Amino acid sequence: NSSLFSTSYRPNFGLQFTQPLWRNRSIDNTRRNIRIQKKRLEQSDLDFRRNTMDVIQNVQRAYWDLVFALRNQQNLTDNLNLSRENLRRVEAQIAAGAAAPIARAEVNTELANRESDLLLATQSVSVAENTLKTLLLRDPNANEWTAQITPTDNPILDTNPIDLESSLKAARDNRPELIRLKLQTDINAIDLQYFRNQTKPRVDLTSTLSSNGLAGTPRPSTEPATFPLISTDPAVLNLNADAFLFNQVNILRIQAGLPPLVSPIVTNTGGSGIPTNLQGGFGRSLSNAFNFDTRTIEFGVTIQFPLRNRTAEANLAGAKIQQSQIDAQTRQQEQSVISEVRNAVQAVETARLRVISARTARENAEVQLAGENRLFQVGRSTTFLLFQRENELANARNAEVRAETDYNKALADLQRATSTTFQTNNITVTTPTNP
Numbered sequence: 402n403s404s405l406f407s408t409s410y411r412p413n414f415g416l417q418f419t420q421p422l423w424r425n426r427s428i429d430n431t432r433r434n435i436r437i438q439k440k441r442l443e444q445s446d447l448d449f450r451r452n453t454m455d456v457i458q459n460v461q462r463a464y465w466d467l468v469f470a471l472r473n474q475q476n477l478t479d480n481l482n483l484s485r486e487n488l489r490r491v492e493a494q495i496a497a498g499a500a501a502p503i504a505r506a507e508v509n510t511e512l513a514n515r516e517s518d519l520l521l522a523t524q525s526v527s528v529a530e531n532t533l534k535t536l537l538l539r540d541p542n543a544n545e546w547t548a549q550i551t552p553t554d555n556p557i558l559d560t561n562p563i564d565l566e567s568s569l570k571a572a573r574d575n576r577p578e579l580i581r582l583k584l585q586t587d588i589n590a591i592d593l594q595y596f597r598n599q600t601k602p603r604v605d606l607t608s609t610l611s612s613n614g615l616a617g618t619p620r621p622s623t624e625p626a627t628f629p630l631i632s633t634d635p636a637v638l639n640l641n642a643d644a645f646l647f648n649q650v651n652i653l654r655i656q657a658g659l660p661p662l663v664s665p666i667v668t669n670t671g672g673s674g675i676p677t678n679l680q681g682g683f684g685r686s687l688s689n690a691f692n693f694d695t696r697t698i699e700f701g702v703t704i705q706f707p708l709r710n711r712t713a714e715a716n717l718a719g720a721k722i723q724q725s726q727i728d729a730q731t732r733q734q735e736q737s738v739i740s741e742v743r744n745a746v747q748a749v750e751t752a753r754l755r756v757i758s759a760r761t762a763r764e765n766a767e768v769q770l771a772g773e774n775r776l777f778q779v780g781r782s783t784t785f786l787l788f789q790r791e792n793e794l795a796n797a798r799n800a801e802v803r804a805e806t807d808y809n810k811a812l813a814d815l816q817r818a819t820s821t822t823f824q825t826n827n828i829t830v831t832t833p834t835n836p
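Residue numbers for the sequence shown, in our numbering: 402 to 836.
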């Protein structure tokens, strides 16, 4: 009793355990959110991979554009040098009286036209180089902006056609968009499981373990030798709950014709009558609480039978509708992927055949120019025809380079369409591990 102490401490603590037996047993809102967030993390990783592949594709295309611009510049430079050589020969012929001075004007006109084409090609090199630097450099003030980029990889050509079926299979297995929709289907399945579970009645097994502690400082020996355990002084009836209840019980007993209760008399022993394990401060009271001498254990079952769980039923119906929408989106995305892969394979095959044709045209143009040169040297051809053959060779070379770079750009597009960009370019992207 607290009346035995001048100062007392009453700490208590408890543990409560609830085990769902029906609703929330296999899944609850917390577990649902954890599972969904794990799927969301995988979707974020797929989004990062897709964006990375887009960047790589853009870099590859910009790189091959720069390769073409540089090769085109070199071809036009060679063509310009041919004009200068023609001018030297014409000047020699004019000096020897073998050609009229008007021939100089024809050569100078062609020379000026080729210089103009070379200036435009040089500008194209600068534009292609800046486009590539924009994709590669993070700092707009980096020193690399003033440096020249020299490509080291030459265009490649695989004479074997692309296997369409293997490309389609790679796209179905690797495309982030399709995998993302599969994860969305998994998220929807989690929602279906959770909302279906929420429509069930709730039956929970509950248990509680609690323990109380008590300790304090005994009353001083200066107090009366004896005193009632519960005071009957009218002055304290409204101040002490125990005294008030004790007085009310006696009133009821008197009205029922029973003798009133007498409060037990407590002898003040100066603390000697209080067990030693109850004498002390707050630390002693905590120790008494944790020794479980005053423990309480309770078991129970909580049952809830909702008449109409309209919220859970509405959520379940919404999840089913979303499942149908995801199925439709998956079919549409699969068709889009198949179409994109087919177009990419066709683009690669077309570019491959263009390279073969362009090489044939360039080889024949070289033969024609060589023959025209021999005819010009013996006086059986004109400067106009020679310039025409030179321009045809320059155009054929540019067409070959364009076809080769277009083929490599088509390969980059195919890698993006089949999501094999990382494997083909030996790039490793680490996927974060789910906690």
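Even glycine gets a Cβ: it sits at the ideal position worked out from N, Cα and C. Quick caveat: nothing in here was measured; it's all calculated off a predicted structure.
Coil, strand or helix - residue i by DSSP
i: Ser673; result: The predicted model places Ser673 with a pLDDT of 49, which falls under 50 and marks its position as unreliable; any figure quoted below should be read in that light. If DSSP states are grouped into helix, strand and coil, Ser673 belongs with coil.
i: Leu519; result: helix
i: Arg603; result: strand
i: Gln475; result: helix
i: Pro635; result: helix
i: Ile666; result: strand
i: Val702; result: strand
i: Gln649; result: helix
i: Asn425; result: strand
i: Pro629; result: strand
i: Ile640; result: The sequence given here has Leu at residue 640, not Ile. In this structure, Leu640 counts as coil in the three-state DSSP scheme.
i: Leu708; result: coil
i: Asp592; result: helix
i: Arg451; result: helix
i: Ile457; result: helix
i: Arg743; result: helix
i: Val528; result: helix
i: Ser567; result: helix
i: Gln549; result: coil
i: Val779; result: coil
i: Thr831; result: coil
i: Ser686; result: helix
Cβ neighbour criterion (16 or more within 10 Å) applied to residue i
i: Leu584; result: buried
i: Lys570; result: exposed
i: Gly772; result: exposed
i: Arg709; result: exposed
i: Ser568; result: buried
i: Trp546; result: exposed
i: Gly780; result: exposed
i: Val840; result: Residue 840 cannot be examined here, being either before or after the span of the chain that is shown, 402 to 836.
i: Phe418; result: exposed
i: Arg576; result: buried
i: Arg775; result: exposed
i: Tyr410; result: buried
i: Leu787; result: buried
i: Ser484; result: buried
i: Glu511; result: buried
i: Gly614; result: buried
i: Ala752; result: buried
i: Val738; result: buried
i: Asn555; result: exposed
i: Ser673; result: Per-residue confidence for Ser673 stands at a pLDDT of 49, beneath the threshold of 50, marking its modelled position as unreliable; the derived number appears in the next sentence. Ser673 comes out exposed.
Candidates the options: closest to residue i by CA position
i: Ala513; options: Asn425, Asn482, Ala718, Asp564; result: Asn482
i: Ile698; options: Leu416, Ser740, Tyr410, Arg411; result: Leu416
i: Tyr595; options: Arg709, Gly681, Leu812, Arg426; result: Arg426
i: Trp465; options: Trp423, Asn639, Thr551; result: Thr551
i: Ala759; options: Val802, Gly701, Ala642; result: Val802
i: Arg462; options: Glu805, Leu477, Ile428, Asn689; result: Glu805
i: Pro412; options: Leu687, Ile666, Ile591, Thr703; result: Leu687
i: Arg505; options: Ile437, Phe785, Arg790; result: Phe785
i: Asn744; options: Pro502, Leu565, Asn430; result: Leu565
i: Thr532; options: Asp479, Gln549, Leu519; result: Gln549
i: Leu675; options: Arg755, Gly617, Thr821; result: Here the sequence assigns Ile to residue 675, which means Leu is not the residue at that position. Nearest of Arg755, Gly617, Thr821 to Ile675, Cα basis: Gly617.
i: Asn799; options: Asn476, Glu530, Val830, Glu764; result: Asn476
i: Gln789; options: Asn480, Asn678, Asn639, Gln778; result: Asn480
Residues that residue i bridges to, as DSSP identifies them
i: Ser611; result: Gly415, Thr697
i: Gln420; result: Leu606
i: Gln680; result: Gly617
The ligand ZN heavy atom lying under 7 Å from the CB of residue i
i: Pro421; result: In terms of ligand content, the structure shown is empty, and the ligand ZN therefore cannot be addressed.
For the pair the region 629-645 and the region 452-460, tell me if three or more CB-CB distances fall below 8 Å. As far as the Cβ criterion goes, the region 629-645 does not touch the region 452-460, which means the pair count is below three.
Decide if the region 787-797 is in contact with the region 758-771; the criterion is three or more beta carbon pairs, one per stretch, under 8 Å apart. Yes, the region 787-797 is in contact with the region 758-771.
Below 8 Å, how does it come out for the region 811-820 and the region 475-492: are there three or more Cβ pairs, yes or no? Using a Cβ-Cβ distance cut-off of 8 Å, the region 811-820 and the region 475-492 are not in contact, since fewer than three pairs of beta carbons, one from each stretch, lie closer than that value.
Inter-stretch contact at 8 Å, needing at least 3 Cβ pairs: the region 466-478 / the region 508-527: Output reads yes: the region 508-527 touches the region 466-478.
Does the pairing of the region 711-719 with the region 592-610 give three or more beta-carbon distances under 8 Å? These segments touch.
Do the region 646-655 and the region 721-730 meet, that is, are 3 or more Cβ pairs less than 8 Å apart? By the Cβ criterion, the region 646-655 is not in contact with the region 721-730, since fewer than three pairs of Cβ atoms, one from each stretch, lie closer than 8 Å.
The region 610-620 / the region 742-759 touching (three or more Cβ pairs under 8 Å): Not touching, per the Cβ criterion.
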